[in-house]
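Going down the list, the sequences are from chains A and B. Under the UniProt record's numbering, the residue at position 301 of the first sequence is numbered 301, and the numbers go up by one with no gaps. Under the UniProt record's numbering, the residue at position 116 of the second sequence is numbered 116, and the numbers go up by one with no gaps.
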Amino acid sequence: MEISREVLLDMYTRMVKIRKFEERVAELFAQGKVLGFVHLYIGEEAVAVGVCENLKEEDYITSTHRGHGHLIAKGGDLKYMMAELFGKETGYCKGKGGSMHIADATKGILGANGIVGGGFPIAAGAALSAKMRGTDQVAVCFFGDGASNQATFHEALNIASIWKLPVVFVCENNLYGISMRQDRHQAIKDIADRAVGYGIPGVTVDGNDVLAVYEVAKEAINRARNGAGPTLVECKTYRYRGHFEGDPTVYRPKEEVEEWLAKDPILRLTRYILDNDIASEKELKDIEAKIIEEVEEAVKFAEESPYPKEEAAVEDVYTDIVEEVRVR
Amino acid sequence: MRIMTYAEALREALRNEMKRDPRVFLLGEDIGVFGGTFGVTKGLLEEFGEDRVRDTPISETAITGVAIGAAATGMRPVAELMFMDFVTVAMDQLVNQAAKMRYMFGGKITIPMVLRMPAGAGIQAAAQHSQSLEAWFTHVPGLKVVYPSTPKDALGLLISAIRDDNPVVFVEHKVLYSMKGEVPDTNEPIPLGVADVKREGEDVTIVATGLMVHKALKAAEELAKEGIEAEVIDPRTLFPLDKETIYSSLKKTHRIVIVTEEVKRGSWAGELAAMIAEEMFDYLDAQIVRVCALNTPIPFTTVLENVVIPNEVDIIKAVKSIV
Ligand SMILES: Cc1ncc(C[n+]2csc(CCOP(=O)(O)OP(=O)(O)O)c2C)c(N)n1
Ligand SMILES: [Mg+2]
């Protein structure tokens with residue numbers, strides 16, 4: 001299938017946006033400006049972008065601890081994301097959530113998640129709701145190879161398959177759950193094989209090839225939208241950085257890291273665009289320059305924003321009850 | 001005396017018991033190659049091998065349940081959950097299975113297992129990585145609940161927990177892992193159910209757990225400057241509880257402040273307050289005061305986290321409200 005110039009450049013833009021945002025977050029974390037646990041998405045951009053390019057704004061995603069890429073791909077605003085990472089009042093979660101809990105209900109982003117495996121049933125539930133409300137919305141559940149060993153994976157795939165829910169389970173198989181290489185944490189090579197156990201299609205795709213991810217995701221999302229039920233899509237990819245910022249990554253061989261660096265998803269798309277005369281080098285440079293500007297604006301916004309007031313700590317627990325605050 | 005961090009002391013206890021008893025083995029996420037998220041098990045894989053230091057998939061239900069099954073059949077597993085918050089994933093195995101098997105089976109089985117888990121806030125880890133859920137476990141008959149606050153206690157209590165024939169929930173505070181302290185030269189167990197008086201005083205009793213023990217001790221130093229002498233007691237095990245030590249202190253001071261990092265509503269601190277109200281009412285010269293976390297999830301950003309979690313100022317204020 002021909003992918004239009006517009007879609008290609010849009011995917012390029014989003015992938016570069018994720019890369020630049022994450023690189024800046026790494027610096028800001030090292031400077032102590034970004035707080036808490038931070039898990040970066042660098043190297044895996046093709047997955048989130050190739051999938052989300054097929055989604056409408058009203059479609060849903062559930063994300064993970066490694067969520068920045070999903071949020072950006074689904075249209076999250078860099079300013080509010082950065083402010084949240086700084087713990088500022090203007091952040092997506094008013095400083096209450098941080099990196100692991102960013103959400104934007106207006107864009108169908110049902111949250112990053114601090115619990116590995118937390119998103120599976122929630123995505124199925126959003127899909128159930130879409131079905132019951134009679135909309136054509138679809139839910140996408142992003143998750144890691146490690147997460148596929150949680151009970152929630154199996155329970156959610158099963159319930160989604162018997163109810164033919166409009167949900168797509170997208171595995172980012174980056175070969176590791178923290179230090180656990182895939183061949184140590186499960187006895188199969190292709191996680192997509194697990195689809196067999198639930199009577200749904202399972203597809204494995206090169207997760208560093210955004211065009212391939214785009215095609216596979218398109219089919220799965222169309223299936224879901226057309227009432228044919230869930231699909232399990234496995235994208236083989238790799239994270240460039242440590243599991244979290246500060247992880248010395250002693251458990252990965254150097255050669256393996258280098259091998260994957262050579263398969264960089266952004267480089268590959270860049271080459272494709274240039275080789276096929278879809279855009280000029282200058283056009284791509286201009287896109288990149290604009291993104292760098294946008295990231296810097298987000299940093300400035302975050303830096304200039306205030307921290308929340310102490311009273312905010314007791315708000316938002318309930319819709320109708322404000323808990324007692326501490327007076328010091 | 002030796003100087004060790006809290007994490008090193010825990011490791012020393014694990015090593016001690018693994019050397020002593022071939023039935024003791026470890027399992028948990030990233031405890032082997034990675035050495036544990038907080039470094040507690042560093043080096044143990046190299047020392048004891050893959051059979052006894054088992055890296056597991058991300059499967060808290062299986063980690064806990066496998067430990068139960070192994071414990072029921074002749075092994076003595078020590079399982080690690082990466083954060084206390086993840087015990088939520090394993091609650092059936094812990095609460096319905098581990099805690100009740102012996103009773104349901106008419107006392108015909110023992111479950112000698114330890115489930116270690118880091119609790120507490122203070123590192124901007126937010127709502128799903130910062131909780132203090134110890135009251136969930138003291139509420140469940142069949143479980144013992146241990147919570148050391150110093151390297152010395154961590155070492156001695158973990159040894160006892162591993163030698164105990166019951167399922168033990170072993171709570172560790174993540175901020176304490178790097179704390180250094182004196183540890184005796186020999187690896188001696190500290191019996192479960194024995195409190196420790198961390199500071200003596202006559203004017204008020206402060207019972208505190210985990211990181212709050214240290215905040216209470218700091219508060220006590222401040223109060224001493226104003227002539228108020230606080231007795232600080234660390235129960236060290238939340239169940240079985242050493243009521244004797246707390247009650248005899250109360251007979252001397254007639255006033256008590258209970259300090260924990262738990263959400264106040266439904267807390268272990270509330271249980272202790274109720275016990276005192278029932279059993280020691282005549283000795284009290286003032287109301288019982290609890291200093292706990294606010295009734296909210298733990299927020300991410302530092303300013304909010306600081307207001308939710310109690311500090312020295314709150315403890316001083318609480319003491320002054322009754323002294
Ligand atoms: C229930 C639960 N268990 C353990 C963790 C700790 N943890 C956070 S991320 C992670 C590894 C996840 O691996 P994977 O699903 O492959 O995602 P990746 O980090 O590789 O993107 C672990 C063990 C957690 N957050 N939640
Ligand atoms: Mg992974």
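Cβ atoms here follow ideal geometry from the backbone N, Cα and C, with glycine treated the same way.
The shortest C-alpha to C-alpha distance from B:Glu-60 to any of A:Gly-202, A:Ala-147 and A:Ala-156 is the one to A:Ala-147. Taking one beta carbon from each stretch, the segment 214-228 of chain A and the segment 259-272 of chain A have fewer than 3 pairs nearer than 8 angstroms; the two do not touch.
Per the C-alpha coordinates, the member of A:Pro-230, A:Lys-263 and A:Ala-279 positioned closest to A:Ile-162 is A:Pro-230. For A:Gly-95, the distance from the CB to the nearest heavy atom of ligand 2 is not below 7 angstroms. Assigned with DSSP and collapsed to three states, B:Met-117 falls in strand.
A:Cys-171 and A:Ile-200 do not touch by the CB rule: their CB atoms are close to 13 angstroms apart, not below 8 angstroms.
With a minimum length of 3 residues, the unbroken runs of beta strand (DSSP E) contained wholly in the segment 172-219 of chain A fall at 202-206.
Relative to the non-hydrogen atoms of ligand 1, the Cβ of A:Ile-115 comes within a distance shorter than 7 angstroms of at least one. Listed by position along the chain, the residues with Cβ atoms less than 7 angstroms from a non-hydrogen atom of ligand 2 are A:Gly-144, A:Asp-145, A:Gly-146, A:Glu-172, A:Asn-173, A:Asn-174, A:Leu-175, A:Tyr-176 and A:Gly-177. Where B:Arg-76 is concerned, the enclosing beta strand (DSSP E) starts and stops at 76-80. According to the DSSP secondary-structure assignment, B:Arg-2 is paired through a beta bridge with B:Val-183. Per DSSP, reduced to three states, the secondary structure at B:Ile-233 is strand. Per the C-alpha coordinates, the member of B:Asp-30, B:Thr-73, B:Pro-77 and B:Val-53 positioned closest to B:Thr-64 is B:Pro-77. Judged by DSSP in its simplified three-state form, B:Arg-52 adopts coil rather than helix or strand. Here A:Lys-20 is buried. Its C-beta has 16 or more other C-beta atoms within 10 Å. Take A:Val-299, set aside five residues on each side of it, and the residues of its chain with a beta-carbon closer than 8 angstroms to its own are Arg-24, Leu-28 and Met-82, in chain order. Residue-level contact by beta carbon holds for B:Asp-30 and chain A, with a gap shorter than 8 angstroms. At least one CB of chain B lies nearer than 8 angstroms to the CB of A:Gly-95. Taking a cut-off of 8 angstroms for Cβ pairs, the segment 117-124 of chain A and the segment 69-80 of chain A do not touch, as fewer than three such pairs fall below it. At a beta-carbon threshold of 7 angstroms, none of the residues of chain A lie near B:Leu-44; the nearest stands roughly 14 angstroms away. It is roughly 16 angstroms from the alpha-carbon of A:Asp-320 to the alpha-carbon of A:Glu-311.
Straight-line measurement puts the Cα of B:Thr-209 at about 13 angstroms from the Cα of B:Asp-242. In the DSSP assignment, the residues bridged to B:Ile-256 are B:Thr-205. Per DSSP, reduced to three states, the secondary structure at B:Gly-28 is strand. The residue among B:Glu-46, B:Val-140 and B:Lys-144 with its C-alpha nearest the C-alpha of B:Met-113 is B:Lys-144. For B:Asn-96, no chain A residue has a Cβ inside 9 angstroms of its Cβ, as the nearest lies near 15 angstroms away. For A:His-39, the Cβ falls inside the 7 angstroms cut-off from some heavy atom of ligand 1. Each of A:Thr-204, A:Glu-245, A:Glu-219 and A:Ala-279 was checked against the Cα of A:Thr-13, and the nearest Cα belongs to A:Ala-279. By the criterion of at least three beta-carbon pairs nearer than 8 angstroms, the segment 188-197 of chain B is not in contact with the segment 44-53 of chain B. Taking 9 angstroms as the Cβ-Cβ cut-off, the segment 111-141 of chain A approaches chain B at Asn-113, Gly-114, Ile-115, Val-116, Gly-117 and Gly-118, given in chain order. For B:Val-66, the uninterrupted alpha helix (DSSP H) segment begins and ends at 60-72.
For A:Phe-142, the uninterrupted beta strand (DSSP E) segment begins and ends at 139-144.
Close to chain B, meaning a Cβ-Cβ distance shorter than 8 angstroms, are the following residues of the segment 164-190 of chain A: Gly-177, Ile-178, Ser-179, Met-180, Arg-184, His-185 and Gln-186. Note on geometry: alpha-carbon atoms of A:Tyr-307 and A:Tyr-60 lie some 30 angstroms from one another. The continuous beta strand (DSSP E) containing A:Ile-61 extends over residues 60-62. Annotated three-state conformation of A:Asp-104 is strand, per DSSP.
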